[in-house]
Amino acid sequence: MITSCVENETGYKPSSYDFKKVLNAVLRQALKDEKCPYKDVSVNLLITDEQGIQDYNKTYRNIDKVTDVLSFPNIEFETPSDFSCIEGNEIDYMDPQNGRLQLGDIVINYKRIISQAEEYGHSEMREFAFLCAHSIFHLCGYDHMEIREAAVMEHKQAAVLDRLGITREIMK
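Spelled out as structure tokens, the structure:
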């Protein structure tokens, strides 16, 4: 079972979509695409504002600036999405209360959902889904520090959103 815990410390409530439903759909599709052998997987999502994400960025990455999304993986993958690294280390990655694989934590700046949706000319739901996909692939061990890595991540993100029918239609 795919589950998520969503905490919204901002009071922002989108009118056309539900954070948890979109996150769970993106998570389910991404893990299916990555052939994750675990059926019980969980992530935590915090919706925050610019100051909140800047504080997290400064505290945990030593970068004192606002960003759109941060990912905090629970699993140290040697190879992206090679879930075999969990075998023998379940105590480090599984929730002892429910046996779910804890993939990690996501922090999203709700103001960037709004501004980037406007900037790219698509819906806020599409922007939120993109940020979730981006972060989930980070939680699965992918990165985009090199051009080749970035191309792989971009392809995977686009594939997940396409399979879910979350398109970049221009909003009028």
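Here numbering that gives the first Met the number 0 is used: the first residue of the sequence shown is 0, the next is one more, and so on.
Every residue, glycine too, gets a C-beta built ideally from N, C-alpha and C.
Residue environment, residue i, which counts as buried when at least 16 other CB atoms sit within 10 Å
i	result
Ala149	exposed
Met124	buried
Ser122	buried
Glu86	exposed
Gln50	exposed
Ala29	buried
Glu6	exposed
Lys191	Any question about residue 191 goes unanswered here, given that the chain covers just 0 to 171.
Glu126	buried
Ala157	exposed
Ile90	exposed
Simplified DSSP assignment, three categories, for residue i
i	result
Asp80	It should be pointed out that residue 80 corresponds to Ser in this sequence rather than to Asp. In the structure shown, Ser80 sits in coil (DSSP, three-state: anything other than H, G, I, E or B).
Thr9	coil
Val21	helix
Leu69	strand
Thr58	helix
Arg167	coil
Lys64	coil
Lys34	coil
Ile52	helix
Beta-ladder partner(s) of residue i, from DSSP
i	result
Val42	Ser3 and Gly103
Thr47	Asn108
Margin query: Tell me whether the region 34–43 and the region 63–70 touch, counting them as touching only if at least three CB pairs, one residue from each stretch, are closer than 8 Å.
Written below: no
Margin query: Just to confirm the assignment: which complete beta strand (DSSP E) runs, minimum length 3, are found wholly within the region 81–158?
Written below: 100–108
Next item on the list: Determine, using beta-carbon pairs with one atom in the region 53–62 and one in the region 73–92, whether at least three such pairs fall under 8 Å.
Entry: no
Check: With a cut-off of 8 Å, do at least 3 Cβ pairs link the region 140–147 to the region 105–117?
Finding: no
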